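Written below as structure tokens is the structure these notes are about.
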DNA sequence: TAAACAGATGCAACTTTGTTGCAAAATAAT
DNA sequence: ATTATTTTGCAACAAAGTTGCATCTGTTTA
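Protein chains in written order, with my numbering: chain H, 6 to 143; chain D, 6 to 143.
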């Protein structure tokens, strides 16, 4: 775990600091996505609010995490796969929100189907968010 | 236009007030989706911020408008089709965000494709947001 | 390993966004 | 026209997010 975290930070040319390590660990420990609030709570309020914001911003820019649009318009973040990097995300997978337990997760194996757009439209990225019941809540 | 607006309000048993009429007009005039901020600006600051919030909330509850999840996690609203009502939305269409002009719109004719979920998952609602270039920005 | 540098953090202050209670005003009903 | 019901605007507040700056920590180099 420690190694994985340091690896990711080094690979992205980020200095290894307490907040970055702790927040990355949270993402690695956790299957699902995390809201800003989750992170503040789970770090035991060890870090300043501003630091958490800035750390997430850095991770976003570097392509370590990506943000997930939700139907209730809260902001969620989740780890990216290996092939994401600065400037190019490849998170063309489906996001799933469980209505029962509230967990949001990436279904990495479910690829986004092709969508037939009207004439004149060109697509760049497709985001899919599915609501329902996850395998633990059925 | 005036009639259409009054029709919609009456059909939903809402009293006809200045702010409701004005805000509904904005949605009817406009193809795309509106952010809360857009509405405040476009009404010429005629109404209190709180009124705009409450009006949108009422429209949401009545199924007159629906909210759209965006990748930058801002809140957008768009008109529902006729078959939406209190408690039951039928907005299973694709939302499109133009990277060039920033407009967000509903592609009512593009239906959301079926998605094959992993074992144990059951879906309830599927939201699709496509980024790219709209027909006017190509 | 110590000094110097660059970058990250915490604090304070601030802006923006959204919410709540209540009195005044507007709408609908009689 | 009068009454009852909603809706509105105001004020105050809470939550979310941002910015500048001084201080501290991690990294680099000699």
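Every residue gets a Cβ at the ideal spot worked out from N, C-alpha and C, and that includes glycine. All figures in this text were calculated on a predicted structure; none of them were measured in a lab.
Report the neighbours of residue i on chain D: residues whose CB is nearer than 9 Å to its CB, in chain order.
| i | result |
| --- | --- |
| residue 136(H) | 128, 129, 130, 131 and 132 |
Secondary structure at residue i, three-state DSSP: helix, strand or coil?
| i | result |
| --- | --- |
| residue 138(D) | strand |
| residue 127(D) | strand |
| residue 72(H) | strand |
| residue 12(H) | helix |
| residue 116(H) | strand |
| residue 99(D) | strand |
| residue 48(H) | coil |
| residue 80(D) | coil |
| residue 132(D) | strand |
| residue 56(D) | helix |
| residue 19(H) | coil |
| residue 39(D) | strand |
Does chain H have any CB closer than 8 Å to the CB of residue i?
| i | result |
| --- | --- |
| residue 67(D) | no |
| residue 121(D) | yes |
| residue 143(D) | yes |
Taking 7 Å as the cut-off, is the CB of residue i close to at least one heavy atom of the ligand SAH?
| i | result |
| --- | --- |
| residue 39(H) | Because no ligand of any kind appears in the structure shown, any question about the ligand SAH cannot be addressed here. |
Identify the contact partners of residue i in chain H, using a Cβ-Cβ distance below 7 Å as the criterion.
| i | result |
| --- | --- |
| residue 101(D) | 126 |
| residue 75(D) | 74 |
| residue 80(D) | 78 |
| residue 19(D) | Here the premise fails: no neighbours, minimum Cβ distance about 24 Å. |
Quick one: which chain D residues come within Cβ less than 7 Å of residue i?
| i | result |
| --- | --- |
| residue 3(H) | Since the first and last residues shown for chain H are 6 and 143, residue 3(H) lies out of range. |
Can you name the residues of chain H whose CB is closer than 8 Å to the CB of residue i?
| i | result |
| --- | --- |
| residue 115(D) | 120, 121, 122 and 123 |
| residue 61(D) | What residue 61(D) touches in chain H: nothing, since even the nearest Cβ is about 12 Å away. |
Considering only the beta carbon of each residue, do residue i and residue j sit closer than 8 Å?
| i | j | result |
| --- | --- | --- |
| residue 75(H) | residue 24(H) | no |
| residue 136(D) | residue 127(H) | no |
| residue 57(H) | residue 71(H) | no |
| residue 39(H) | residue 13(H) | no |
| residue 116(H) | residue 129(H) | no |
| residue 83(H) | residue 111(H) | yes |
| residue 69(H) | residue 133(D) | no |
Using a Cβ cut-off of 8 Å (strictly closer), state whether residue i contacts chain D.
| i | result |
| --- | --- |
| residue 104(H) | yes |
| residue 112(H) | yes |
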